[in-house]
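Encoded as structure tokens, the structure appears first; notes follow it.
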Amino acid sequence: MYWRELISYFFGGVFLMNAVPHVVAGSMGHAFQSPFAKPRGEGLSSSTVNVLWGFFNLAVAYVLFIRVGDFQLRNLSDVLAPGIGALLIALFMARHFGKFHGGNRPGVS
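Going left to right, the sequence shown walks through residues 0 to 108 as numbering that gives the first Met the number 0 numbers them.
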């Protein structure tokens with residue numbers, strides 16, 4: 000069923016976008032929040048943990064894009080589904096991580 004593929008692509012976009020801050024921060028040698036920190040998602044994890052977590056997210060995104068269904072870049076719905084997933088998780092991460100890195104300034108929503 001095609002709707003199952005679109006759901007897979009949506010979450011592929013979520014995992015792909017989630018990989019970005021972890022791989023970038025980790026490869027720069029910076030500690031960053033991860034699910035393995037204490038408190039979970041708020042404390043800092045080492046740069047090595049973040050690189051590994053980021054590449055795990057990339058692997059999951061690969062499976063959801065390439066191994067499920069027949070992802071086509073020229074098919075608008077195939078591209079919109081992960082795009083929407085990536086946008087939504089990016090907005091969530093901006094709000095969540097902004098609390099820790101100065102991205103949520105007072106008086107700005």
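Beta carbons: idealized from backbone N, C-alpha and C, even for Gly.
It should be emphasised that the depicted structure is a prediction, and the values quoted were computed from it without experimental measurement.
CB-CB under 6 Å to residue i, same chain, minus the five flanking residues each way: which ones, in chain order?
| i | result |
| --- | --- |
| A80 | L5, Y8 and F9 |
| Q71 | D77 |
Pick from the options: whose alpha carbon is nearest that of residue i?
| i | options | result |
| --- | --- | --- |
| F54 | F14, H95 and W2 | F14 |
| R3 | F96, P34, W52 and D77 | D77 |
| G12 | G40, L57, F35 and Q32 | L57 |
| W52 | L75, N74, M16 and I65 | M16 |
| F99 | I65, E41 and I88 | E41 |
Suppose the cutoff is 8 Å on Cβ atoms and the five residues either side in sequence are ignored; what does the same chain contact list for residue i look like?
| i | result |
| --- | --- |
| V50 | H21, V22, G25 and S26 |
Can you name, in chain order, every residue of its own chain whose Cβ lies under 7 Å from the Cβ of residue i, other than the five neighbours on each side?
| i | result |
| --- | --- |
| V48 | S33 and F35 |
| V62 | none |
| G82 | G12 |
| V67 | E4 and S7 |
Measure how close the beta-carbons of residue i and residue j come, nearest whole angstrom, since I'm counting them as under 8 Å.
| i | j | result |
| --- | --- | --- |
| H29 | S46 | 6 Å |
| A60 | A18 | 7 Å |
Counting only runs that start and end within the region 42-76, where is the alpha helix (DSSP H) found for 4 or more residues in a row?
-> 46-61
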